[in-house]
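Protein chains: 2
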Amino acid sequence: MSDAYYLRLTDRLRELLGDPDACVEGRLPAERTLAERFRTTRVTLRQALAQLEGEGRIHRSNRRGWFVSPARLDYDPTRDAGFNDYVRAQGRRPRTEVLLTDTRPHPPAAEALGLPADQPLFHIRRRRFVDDRAVLAESLWVVPERAPGLLEGDYASHSLWGQLRSRWGLSLAHRSLRLYSEALPEREAAELGVAAGSAGLSVRRAIFDERRRPVEYDEEHWLHDALCITVELDGKA
Amino acid sequence: MSDAYYLRLTDRLRELLGDPDACVEGRLPAERTLAERFRTTRVTLRQALAQLEGEGRIHRSNRRGWFVSPARLDYDPTRDAGFNDYVRAQGRRPRTEVLLTDTRPHPPAAEALGLPADQPLFHIRRRRFVDDRAVLAESLWVVPERAPGLLEGDYASHSLWGQLRSRWGLSLAHRSLRLYSEALPEREAAELGVAAGSAGLSVRRAIFDERRRPVEYDEEHWLHDALCITVELDGKA
DNA sequence: CCAGACTTCTGGTCTATACCAGATCAGCAG
DNA sequence: CTGCTGATCTGGTATAGACCAGAAGTCTGG
Numbered sequence: 001m002s003d004a005y006y007l008r009l010t011d012r013l014r015e016l017l018g019d020p021d022a023c024v025e026g027r028l029p030a031e032r033t034l035a036e037r038f039r040t041t042r043v044t045l046r047q048a049l050a051q052l053e054g055e056g057r058i059h060r061s062n063r064r065g066w067f068v069s070p071a072r073l074d075y076d077p078t079r080d081a082g083f084n085d086y087v088r089a090q091g092r093r094p095r096t097e098v099l100l101t102d103t104r105p106h107p108p109a110a111e112a113l114g115l116p117a118d119q120p121l122f123h124i125r126r127r128r129f130v131d132d133r134a135v136l137a138e139s140l141w142v143v144p145e146r147a148p149g150l151l152e153g154d155y156a157s158h159s160l161w162g163q164l165r166s167r168w169g170l171s172l173a174h175r176s177l178r179l180y181s182e183a184l185p186e187r188e189a190a191e192l193g194v195a196a197g198s199a200g201l202s203v204r205r206a207i208f209d210e211r212r213r214p215v216e217y218d219e220e221h222w223l224h225d226a227l228c229i230t231v232e233l234d235g236k237a
Numbered sequence: 001m002s003d004a005y006y007l008r009l010t011d012r013l014r015e016l017l018g019d020p021d022a023c024v025e026g027r028l029p030a031e032r033t034l035a036e037r038f039r040t041t042r043v044t045l046r047q048a049l050a051q052l053e054g055e056g057r058i059h060r061s062n063r064r065g066w067f068v069s070p071a072r073l074d075y076d077p078t079r080d081a082g083f084n085d086y087v088r089a090q091g092r093r094p095r096t097e098v099l100l101t102d103t104r105p106h107p108p109a110a111e112a113l114g115l116p117a118d119q120p121l122f123h124i125r126r127r128r129f130v131d132d133r134a135v136l137a138e139s140l141w142v143v144p145e146r147a148p149g150l151l152e153g154d155y156a157s158h159s160l161w162g163q164l165r166s167r168w169g170l171s172l173a174h175r176s177l178r179l180y181s182e183a184l185p186e187r188e189a190a191e192l193g194v195a196a197g198s199a200g201l202s203v204r205r206a207i208f209d210e211r212r213r214p215v216e217y218d219e220e221h222w223l224h225d226a227l228c229i230t231v232e233l234d235g236k237a
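Listed in order, the protein sequences are those of chains A and B.
Note that the first sequence covers residues 1 to 237 in full-length UniProt numbering.
Note that the second sequence covers residues 1 to 237 in full-length UniProt numbering.
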């Protein structure tokens with residue numbers, strides 16, 4: 001396409017990523033060091049780093065440095081498997097932090113579920129980690145009539161969907177998903193420890209039971225390089 | 001978070017986007033003009049523009065300028081509706097260009113379909129437009145036994161899946177999807193007229209009939225700001 | 001030994017300037 | 001009217017230098 005120097009620089013950096021001498025424990029040398037090594041300026045170097053960041057090869061931690069990104073997590077938003085389960089199934093270490101819970105109306109969730117905007121909903125906000133890297137900030141809203149007493153239970157350590165099924169006999173039959181790439185909003189970026197506006201992936205889900213009664217709505221914000229969405233579909237014409 | 005000037009600049013630019021005086025026909029003023037207007041340098045301005053680009057608000061056309069991005073296209077990769085249909089259904093104008101067709105083995109497709117790597121496959125590569133903006137570069141591979149004579153037919157103007165069903169009685173029962181954000185590879189970037197490494201979304205699909213025989217595999221590369229994936233799921237426990 | 005202050009290192013942001021390369025269009029020659 | 005040429009517009013890439021703010025390690029006084 002072009003013989004832009006920074007693209008060639010990007011290739012040279014790519015080689016560097018696999019070199020354990022250069023990247024100790026997945027950490028790249030400082031920008032100033034790299035700029036000097038490649039006889040260029042930080043501005044140009046940062047363009048090349050941003051390129052690799054867009055490819056999902058590296059990521060930055062605020063004012064700490066650049067790090068090699070781990071493999072993407074495979075994630076099927078149509079399945080009921082809990083986060084902990086599928087992270088472990090891929091040989092990674094999951095962790096979840098509940099940031100807040102409350103019960104109040106949330107118009108966007110209500111609208112997606114076809115409920116009146118002032119309908120109070122159980123709300124859980126949490127942050128999830130893979131191998132100690134925060135990769136997901138999410139909020140979920142559950143219709144109180146479907147799962148009375150949810151917030152009093154141990155909603156943190158077990159799969160929420162598993163509980164909805166086993167404790168309240170819900171079927172989660174109908175799902176409506178929307179997902180698109182985004183720039184992370186300020187709040188989510190802060191929770192994930194990245195700069196506002198970093199590349200992310202937004203997943204929104206509305207769930208209804210077999211009688212088409214609304215059950216749950218959730219909004220997920222993932223780091224763009226952290227996941228690969230996989231969906232398996234059977235039957236249907 | 002921070003009081004970075006360029007983030008405030010981003011907000012000021014955001015206001016500008018809706019202003020028909022400033023953006024004639026969706027085209028932003030030149031970078032030098034904007035930099036002067038906001039009393040800053042092109043370097044800083046370009047950071048702000050890149051931010052808006054990440055948000056999907058604007059996009060660039062190589063050495064022509066910056067343009068306001070249209071609304072995202074809703075797209076359900078699990079449905080059979082043809083591209084032309086759902087683009088029109090959203091009041092937009094679709095167009096498709098076939099870039100090449102051939103018949104030869106393609107190991108990645110074969111692997112996804114569970115076929116030997118040297119199995120020849122019908123291959124169609126095309127580029128698709130919404131309102132004259134190229135938004136999608138895709139390749140698809142069809143198992144010749146499932147649809148003999150496919151490449152001799154009129155595969156361009158009608159829904160390919162519709163033909164697979166009506167002409168060859170296929171059911172397309174099982175689908176396996178993978179999607180993730182990516183930096184557009186050189187080839188796809190060139191076909192879409194954007195810089196290599198621009199943000200994109202990759203969708204790969206493997207399709208099997210009701211007897212689990214492999215039918216088709218395809219690989220789509222979308223501009224990241226051009227679409228919103230929606231999926232509707234029914235039934236299932 | 002520990003808590004808090006200080007130093008140093010990192011990336012984050014910004015200014016100013018320069019030249020290159022593709023896109024575009026006006027104008028000219030045929 | 002047509003097709004080419006060249007000027008001019010745009011963004012793309014690059015240099016050099018500066019200061020700021022947060023992260024992290026170090027040192028010091030209790």
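Idealized CB from N, CA, C, for every residue including glycine.
Beta carbon of residue i nearer than 9 Å to that of residue j
| i | j | result |
| --- | --- | --- |
| E210 (chain B) | T78 (chain B) | no |
| S166 (chain B) | A206 (chain B) | no |
| C228 (chain B) | D85 (chain B) | no |
| L140 (chain A) | A226 (chain A) | no |
| I58 (chain A) | V68 (chain A) | yes |
| L179 (chain B) | V143 (chain B) | no |
| A147 (chain A) | L170 (chain A) | yes |
| L13 (chain A) | A50 (chain A) | no |
| R128 (chain B) | R104 (chain B) | no |
| P108 (chain B) | E219 (chain B) | yes |
| V194 (chain A) | L113 (chain A) | no |
| Y217 (chain A) | L121 (chain A) | yes |
| D131 (chain B) | P70 (chain B) | yes |
| Q163 (chain A) | L150 (chain A) | yes |
For residue j and residue i, the rounded distance between their alpha carbons
| i | j | result |
| --- | --- | --- |
| R126 (chain B) | E145 (chain B) | 22 Å |
| V24 (chain A) | W66 (chain A) | 11 Å |
| V203 (chain B) | D118 (chain A) | 38 Å |
| W168 (chain A) | R213 (chain B) | 39 Å |
| V98 (chain B) | I124 (chain B) | 7 Å |
| A89 (chain B) | E188 (chain B) | 26 Å |
| G26 (chain A) | G197 (chain B) | 23 Å |
| A35 (chain A) | Y6 (chain A) | 11 Å |
| E15 (chain A) | F208 (chain A) | 48 Å |
Assigned secondary structure, residue i (DSSP; H/G/I helix, E/B strand, else coil)
| i | result |
| --- | --- |
| R175 (chain A) | strand |
| G114 (chain A) | coil |
| R165 (chain A) | helix |
| S2 (chain B) | Any reading at S2 (chain B) needs caution, since the residue's pLDDT is 44, under 50, leaving its predicted position unreliable; the model's value is listed next. Here S2 (chain B) sits in coil by DSSP. |
| R88 (chain A) | helix |
| A226 (chain B) | coil |
| A71 (chain B) | coil |
| L100 (chain B) | strand |
| P185 (chain B) | coil |
| V43 (chain A) | helix |
| G54 (chain A) | helix |
| R14 (chain B) | helix |
| F38 (chain A) | coil |
| R211 (chain A) | coil |
| P108 (chain A) | helix |
| A219 (chain A) | As written in the sequence, residue 219 (chain A) is Glu, which differs from the Ala given in the question. Strand, per DSSP. |
Local Cβ density within 10 Å of residue i, reported as buried at 16 or more and exposed below that
| i | result |
| --- | --- |
| T10 (chain B) | buried |
| D102 (chain A) | exposed |
| E55 (chain B) | buried |
| R72 (chain B) | buried |
| E111 (chain B) | exposed |
| E138 (chain B) | buried |
Option nearest residue i by Cα separation, candidates the options
| i | options | result |
| --- | --- | --- |
| A199 (chain B) | A:P185, A:L140, A:E53 and A:L115 | A:E53 |
| P92 (chain B) | B:G114, B:A134 and B:L99 | Checking the sequence shown, residue 92 (chain B) turns out to be Arg, not Pro. Looking at the Cα atoms, B:A134 is the closest of the given residues. |
| R32 (chain B) | B:A22, B:D21, B:P20 and B:L45 | B:L45 |
| W222 (chain A) | A:A183, A:W168, A:E152 and A:D234 | A:A183 |
| E191 (chain B) | B:W161, B:E216 and B:S61 | B:S61 |
| S181 (chain A) | B:I124, B:H224, B:P105 and B:F129 | B:H224 |
| T230 (chain B) | B:A30, B:A81 and B:P70 | B:A81 |
| R64 (chain B) | B:P20, B:P29, B:G18 and B:R8 | B:P29 |
Heavy atom of the ligand HEM within 8 Å of residue i beta-carbon
| i | result |
| --- | --- |
| R212 (chain A) | The ligand HEM is not part of this structure, which contains no ligands at all. |
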